[in-house]
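>
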Amino acid sequence: MNIKITYHWLLDYLETDADPYELQKYLSLCGPSIETVEKIGDDYVFDIEITSNRIDMASVFGVAQEAQAILPLFGKQAKLKFNPLNTYSFENLKAEPTKTHKLSVPIEDPTLVSRFTAIVLDNVLIAQSPELISKRLNLSGIKSINNVIDISNYLMLSLGQPVHMFDFDQIKDGVMKVRRSKKGEKLTTLDSKELILPGGDIVIEDGSGRLIDLCGIMGGENSSIKGDTTRIVFFVQTYDKKAIRKTSMVTGQRTLAATYFEKGLDPERVESTFAYGIELLQELTKGVVCSELTDIYPHKKQETHVKAYLKDIQRVIGVPIEEEKVTSILTNLGFTVKKHEDTELAYPDGVHFDVTVPTYRVDDVSIQEDIIEEVARVYGYHNLPNTISPLTYIKQPKYISNLHTVQYRTKYFLKHLGLHEFLNYSMVSGDLLNTLDYQISDHLKIANTISSEIEYMRTSLLPSLIKNMKDNSGRKNHLKLFEFAKIYEPKTGDLPQELHRLGVVVNTDFEDLKGIISALFQELTIGNILVKSGEHKLMSSAASIYRGDEMIGSFGALHQKYAEKLNLTEQMYIAEIDFK
Amino acid sequence: MMSPNNALHTFQEDLKIITSLESLIALETQYLGKNGVLNDALKLMKSLDPDARKTLGQEINRIKRTIVEHISLKKSELLSNVDERSLVDVTLPGKKYESGSLHLATYAIEEISAIFERIGFIRMSYPEIEWEWFSFEALNMPADHPARDDFETFFIDTPVHEKWGKMVLTPHTSSGQIREMLRLGKPPIRMINIAKTYRPNWDSSHVPMFHQFEGMCIDKKINITHLKGTIDYFAKEFFGEDRETRLRPFHFQFTEPSFEVDITCDLCAGTGRIADEKCKLCKQGWLELGGTGMVHPNVLTAGGIDPKEYTGWAFGFGVERVMMMKPGVGLNNMRALYDGDIRVLEQF
Numbered sequence: 116m117n118i119k120i121t122y123h124w125l126l127d128y129l130e131t132d133a134d135p136y137e138l139q140k141y142l143s144l145c146g147p148s149i150e151t152v153e154k155i156g157d158d159y160v161f162d163i164e165i166t167s168n169r170i171d172m173a174s175v176f177g178v179a180q181e182a183q184a185i186l187p188l189f190g191k192q193a194k195l196k197f198n199p200l201n202t203y204s205f206e207n208l209k210a211e212p213t214k215t216h217k218l219s220v221p222i223e224d225p226t227l228v229s230r231f232t233a234i235v236l237d238n239v240l241i242a243q244s245p246e247l248i249s250k251r252l253n254l255s256g257i258k259s260i261n262n263v264i265d266i267s268n269y270l271m272l273s274l275g276q277p278v279h280m281f282d283f284d285q286i287k288d289g290v291m292k293v294r295r296s297k298k299g300e301k302l303t304t305l306d307s308k309e310l311i312l313p314g315g316d317i318v319i320e321d322g323s324g325r326l327i328d329l330c331g332i333m334g335g336e337n338s339s340i341k342g343d344t345t346r347i348v349f350f351v352q353t354y355d356k357k358a359i360r361k362t363s364m365v366t367g368q369r370t371l372a373a374t375y376f377e378k379g380l381d382p383e384r385v386e387s388t389f390a391y392g393i394e395l396l397q398e399l400t401k402g403v404v405c406s407e408l409t410d411i412y413p414h415k416k417q418e419t420h421v422k423a424y425l426k427d428i429q430r431v432i433g434v435p436i437e438e439e440k441v442t443s444i445l446t447n448l449g450f451t452v453k454k455h456e457d458t459e460l461a462y463p464d465g466v467h468f469d470v471t472v473p474t475y476r477v478d479d480v481s482i483q484e485d486i487i488e489e490v491a492r493v494y495g496y497h498n499l500p501n502t503i504s505p506l507t508y509i510k511q512p513k514y515i516s517n518l519h520t521v522q523y524r525t526k527y528f529l530k531h532l533g534l535h536e537f538l539n540y541s542m543v544s545g546d547l548l549n550t551l552d553y554q555i556s557d558h559l560k561i562a563n564t565i566s567s568e569i570e571y572m573r574t575s576l577l578p579s580l581i582k583n584m585k586d587n588s589g590r591k592n593h594l595k596l597f598e599f600a601k602i603y604e605p606k607t608g609d610l611p612q613e614l615h616r617l618g619v620v621v622n623t624d625f626e627d628l629k630g631i632i633s634a635l636f637q638e639l640t641i642g643n644i645l646v647k648s649g650e651h652k653l654m655s656s657a658a659s660i661y662r663g664d665e666m667i668g669s670f671g672a673l674h675q676k677y678a679e680k681l682n683l684t685e686q687m688y689i690a691e692i693d694f695k
Numbered sequence: 051m052m053s054p055n056n057a058l059h060t061f062q063e064d065l066k067i068i069t070s071l072e073s074l075i076a077l078e079t080q081y082l083g084k085n086g087v088l089n090d091a092l093k094l095m096k097s098l099d100p101d102a103r104k105t106l107g108q109e110i111n112r113i114k115r116t117i118v119e120h121i122s123l124k125k126s127e128l129l130s131n132v133d134e135r136s137l138v139d140v141t142l143p144g145k146k147y148e149s150g151s152l153h154l155a156t157y158a159i160e161e162i163s164a165i166f167e168r169i170g171f172i173r174m175s176y177p178e179i180e181w182e183w184f185s186f187e188a189l190n191m192p193a194d195h196p197a198r199d200d201f202e203t204f205f206i207d208t209p210v211h212e213k214w215g216k217m218v219l220t221p222h223t224s225s226g227q228i229r230e231m232l233r234l235g236k237p238p239i240r241m242i243n244i245a246k247t248y249r250p251n252w253d254s255s256h257v258p259m260f261h262q263f264e265g266m267c268i269d270k271k272i273n274i275t276h277l278k279g280t281i282d283y284f285a286k287e288f289f290g291e292d293r294e295t296r297l298r299p300f301h302f303q304f305t306e307p308s309f310e311v312d313i314t315c316d317l318c319a320g321t322g323r324i325a326d327e328k329c330k331l332c333k334q335g336w337l338e339l340g341g342t343g344m345v346h347p348n349v350l351t352a353g354g355i356d357p358k359e360y361t362g363w364a365f366g367f368g369v370e371r372v373m374m375m376k377p378g379v380g381l382n383n384m385r386a387l388y389d390g391d392i393r394v395l396e397q398f
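Here the protein sequences come in this chain order: A and B.
Last residue of the first sequence? That's 695 in the numbering used here, and every number before it is there in order.
Last residue of the second sequence? That's 398 in the numbering used here, and every number before it is there in order.
Here it is in structure tokens:
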């Protein structure tokens with residue numbers, strides 16, 4: 116996924132002397148790839164690619180933390196001004212709120228929601244956002260709408276945790292019941308699209324039983340913030356990533372929130388996002404907290420530990436990186452590092468590090484190689500020398516080298532005779548197979564095809580080549596085509612047999628086709644070839660090609676009945692030969 | 051039997067009408083050849099007395115010299131006229147031979163194989179319809195990995211195998227890594243696998259089938275510098291000596307660390323700008339080549355190799371993609387290669 120953030124927004128978190136272009140260059144080499152930098156007004160917009168394992172980095176803070184680790188190795192200063200994960204916590208929720216309103220949150224299946232936090236605010240004044248926020252959002256490709264909705268998006272991009280707001284008065288009895296949807300249930304989302312749910316989706320229903328949220332993807336229209344909304348529910352959660360991805364893909368609602376949730380978010384970050392959100396809401400909407408805090412978090416996410424040996428780090432990277440450098444790189448990335456040294460053993464393993472992995476990296480960093488990657492990338496791949504892998508002799512099996520040789524010689528020979536190579540999909544349509552009287556059941560079928568054109572695995576190259584001929588009819592006087600490819604013969608309980616075949620089709624005449632085939636055998640110095648009159652389901656005047664006693668192929672005219680069925684305007688001659 | 055003097059006379063008459071080298075050579079044979087006029091005359095000498103024989107011999111030799119001189123003169127005359135008197139209009143077209151074509155992927159596969167053969171990598175082939183275990187589990191992609199869902203991989207409608215899972219159309223060539231480890235039993239391994247790969251994605255710029263090439267090197271003491279050096283070697287051989295590569299951190303399940311390889315853009319020479327405009331082909335001077343990394347220890351283990359003793363690297367790049375990135379190929383949409391239009395394909 117890609118996110119857009121701005122340079123000045125980044126500077127809210129990061130103290131640095133690097134300019135936007137230096138940031139682009141250095142971060143791309145060692146961390147998040149900044150694909151473009153665009154100067155707009157007095158700010159700069161970064162378009163950043165985030166890999167699926169680093170969703171923690173898909174935020175202004177996440178990029179700032181990477182910059183803190185990376186820039187010093189390029190001689191640039193970089194230091195986090197503050198760490199929002201420490202700064203914002205539930206302890207900041209000021210004063211004792213008036214608890215005039217109540218939320219009730221039954222969770223039907225706790226595996227759906229790893230953490231659910233919510234609170235109600237009263238006296239909310241919907242208005243325009245301050246210029247700073249609306250401008251930054253607009254530059255980041257998100258339309259500024261009003262202060263409440265803008266805060267949602269601002270939080271998401273600041274810390275990488277999507278949040279949502281409802282109009283509290285639209286939620287019957289303050290009940291938000293989290294459950295799986297039933298197949299066929301309907302919900303109209305914020306963008307006025309009526310969705311028919313595939314079933315198993317995470318949804319919230321209110322006290323009247325109507326659905327108000329397609330969780331992690333988009334809120335319901337019925338509970339959305341309007342211009343006259345005064346009481347809102349602010350809520351932040353983390354969901355089962357698989358359920359979110361499935362719903363998002365099946366309904367086609369590929370929202371930015373969904374692309375966050377489907378990667379799996381850190382429930383620990385929910386708290387800081389929530390606390391920061393309350394601060395912004397109180398400041399910008401004058402809202403006042405009027406309910407207790409709901410925080411359902413049955414299994415607290417724990418930090419983990421990974422052991423990494425200095426000698427292994429150096430061995431895999433291929434250069435002697437110093438111990439201090441390893442420690443500083445990891446520490447700047449948010450890991451806690453403790454050094455140990457074995458000296459007692461008969462064969463000491465030397466220095467190793469006990470690395471504490473922060474919760475937001477736990478899913479990504481679990482073995483020594485993960486630590487090696489962190490060190491290697493920040494150290495900089497550009498600082499490593501280029502060495503060609505040491506030479507050694509590996510024997511290539513003879514049948515493989517023979518096959519490749521025959522393949523090239525055949526292809527070039529046919530090209531020089533004036534034939535054109537086509538490459539067709541390995542899958543064909545059931546229609547084509549039916550037309551040519553093939554048994555559909557003799558073919559492997561794709562269970563989840565995206566088009567009936569590509570549904571069955573070929574057992575012959577001829578149907579595709581005949582189709583090529585028909586499609587190209589009239590485009591050229593003489594059409595002579597060939598394909599060298601595998602066909603797939605099903606076997607019970609095992610992978611299919613993949614056989615190499617050569618298919619040839621021409622619109623000239625029988626003599627031409629036979630001449631091509633004879634010349635090819637001569638070129639390949641394959642002797643012992645005999646042509647006898649034979650039978651082939653697609654052909655009239657069919658000939659069988661024998662090598663010794665073994666039949667290796669057929670050629671002939673395409674049978675008139677198929678020419679009829681396919682509405683062909685000219686006769687074609689076809690051949691198919693096995694290559695072992 | 052002609053008398054020698056007569057022979058000279060008829061020769062001179064014959065010579066007058068000679069206009070080509072071919073007929074001159076025939077004339078030469080007629081008079082001077084083994085069974086020519088003069089030799090016939092010499093054969094008569096046996097029956098003469100010694101004086102007459104001597105006289106006739108001298109006479110014949112004199113005539114022979116004269117004929118040789120005449121022929122030589124005529125030959126130079128004819129040769130000096132050859133160019134001027136050529137009757138061929140060389141600007142007319144020659145005999146027409148139909149020209150054929152090969153698919154762009156064929157050329158790419160041939161070139162890629164050759165580049166890696168030079169540094170000791172053998173090209174192998176593995177199943178294109180594969181078990182889930184080889185395509186995913188063994189490559190450290192657990193059952194809930196998004197690449198394994200219906201949107202990313204084609205599944206075959208057959209009963210699930212107790213041990214190996216479902217049957218799939220290879221979504222990448224990486225299953226070849228496991229196949230090669232199991233085939234060889236232990237390192238060293240230097241393998242290149244070029245094969246068809248399939249993804250359920252078919253629109254104006256995507257095709258459901260394309261080719262990938264997978265490289266893998268496993269041995270003792272293989273490190274990131276080997277991966278870097280080998281890929282840089284490939285890029286320079288395939289795209290040109292003036293191209294630079296870089297590795298960027300990335301994420302793949304089957305490698306750790308993982309990288310994406312970029313190569314400097316050909317169009318803007320890596321500057322990201324053409325005149326005063328942004329280059330439309332690349333991202334600020336760089337083009338993505340593909341994914342690579344150090345083989346994940348779980349993958350080595352699945353292939354029966356001890357990750358404590360051996361390390362290795364692997365990469366998987368798109369064949370059509372690298373071919374389209376090659377200078378001068380002039381093709382910008384992969385679909386054109388698979389739409390089966392002779393007017394496009396015959397150009398290669």
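We put the beta carbon where it would ideally sit given N, CA and C, even for glycine.
With distances taken between CB atoms, is the gap from Val32/B to Ala386/B smaller than 8 Å?
Residue 32/B is absent from the structure shown; chain B starts at 51 and stops at 398.
> Using the C-alpha atoms, what's the distance from Ala657/A back to Asn622/A?
16 Å
> In the DSSP assignment, find the unbroken alpha helix (DSSP H) run with Leu58/B in it and report its ends.
That run of the alpha helix (DSSP H) goes 54 to 66.
> My assumption, with CB atoms under 8 Å, is that Leu94/B sits in contact with Leu88/B. Please give the rounded CB distance.
Actually they are not in contact, since the Cβ atoms of Leu94/B and Leu88/B sit about 11 Å apart, beyond 8 Å.
> Look at the Cβ atom of Val175/A, then the Cβ atom of Val278/A, and state whether they are nearer than 8 Å.
One thing to note: Val175/A has its Cβ no nearer than 8 Å to the Cβ of Val278/A.
> Would you say Asp292/B lies against chain A (beta-carbon separation less than 8 Å)?
no
> Pop quiz: Val152/A and Ser406/A are said to be a contact at Cβ under 8 Å. What is the actual Cβ separation, rounded to whole angstroms?
Not confirmed; about 44 Å, so no contact.
> What residues from the stretch 323 to 341 of chain A come within 7 Å of chain B, judged by C-beta to C-beta, listed N to C?
none
> What does a CB cutoff of less than 6 Å around Tyr388/B pick up in its chain, not counting 5 residues either side in sequence?
Val257, listed in sequence order.
> Looking only at C-alpha atoms, which of Ser669/A, Val403/A, Lys680/A sits nearest to Asp546/A?
Lys680/A
> Excluding five sequence neighbours on each side, which residues of the same chain lie with their C-beta closer than 6 Å to the C-beta of Phe537/A?
Counting only residues of its own chain and dropping the five nearest sequence neighbours on each side, Phe537/A has a CB closer than 6 Å to the CB of Asn583, Leu596, Glu598.
> What residues are listed by DSSP as bridge partners for Pro299/B?
Phe309/B
> If you drop the 5 nearest sequence neighbours on each side, which residues of the same chain put their C-beta closer than 6 Å to that of Tyr269/A?
Excluding sequence neighbours, Tyr269/A sits near Ile248.
> Exposed or buried, Thr213/A, counting other C-beta atoms within 10 Å across all chains shown (16 or more means buried)?
exposed
> Below 8 Å on the Cβ atoms is my contact criterion, and I expect Ala423/A with Gln368/A to pass it. Report the Cβ-Cβ distance as a whole number of Å.
So it is not a contact: roughly 41 Å between Cβ atoms.
> Tell me where the beta strand (DSSP E) around Ser143/A begins and ends.
In the DSSP annotation of this structure, Ser143/A is not part of any beta strand (DSSP E); the continuous alpha helix (DSSP H) holding it starts and ends at 135 to 145.
> Ends of the beta strand (DSSP E) at Asn117/A?
117 to 121
> Whole angstroms are fine: how far does the CA of Ser339/A sit from the CA of Ile347/A?
9 Å
> Since Phe597/A sits in a beta bridge, which residues does DSSP pair it with?
Glu536/A, Val619/A
> For Lys560/A, I'd like the list of residues in its chain whose CB is within less than 7 Å of its CB, leaving aside the five on either flank, ordered along the chain.
Glu570, Tyr571
> With distance defined between alpha-carbon atoms, name the residue in Phe161/A, Lys695/A, Gln675/A, Leu125/A nearest to Lys401/B.
Past the edges of chain B, shown from 51 to 398, lies residue 401/B, and the structure says nothing about it.
> Please list, in chain order, the residues of the stretch 343 to 359 of chain B that have any C-beta partner in chain A closer than 8 Å.
Met344, His346, Pro347
> Can you name the residues of chain A whose CB is closer than 9 Å to the CB of Arg393/B?
Asn587, Arg590, Lys591
> From what residue to what residue does the alpha helix (DSSP H) around Gln180/A run?
175 to 185
> Could you give the DSSP three-state label for Ala658/A: helix, strand or coil?
strand
> Does the beta-carbon of Ala164/B have 16 or more other beta-carbons within 10 angstroms, so that it is buried, or is it exposed?
Exposed: under 16 other Cβ atoms inside 10 Å.
> Is the stretch 321 to 341 of chain B touching the stretch 362 to 375 of chain B in the sense that three or more CB pairs, one from each, lie closer than 8 Å?
yes
> Taking all protein chains shown into account, decide if Pro299/B is buried (16 or more other Cβ within 10 angstroms of its Cβ) or exposed.
buried
> Ignore the nearest five residues each way along the sequence and tell me which others in Lys526/A's own chain have a CB closer than 7 Å to its CB.
Within the same chain, Lys526/A has close Cβ partners Glu536, Phe599.
> Is there a C-beta anywhere in chain A that falls below 8 Å from the one on His222/B?
no
> Please tell me whether Asp405/B has its Cβ less than 8 Å away from any Cβ of chain A.
Past the boundaries of the shown model lies residue 405/B; chain B is included only from 51 to 398, so the question cannot be answered.
> Let's test the definition: count the other Cβ atoms within 10 Å of the Cβ of Tyr514/A and tell me whether it reaches 16, buried, or not, exposed.
exposed
> On the DSSP letters alone, give me the boundaries of the beta strand (DSSP E) that Val228/A sits inside.
228 to 237
> List, from N- to C-terminal side, the alpha helix (DSSP H) runs of 4 residues or more that fit wholly inside the stretch 145 to 199 of chain B.
154 to 167, 182 to 185
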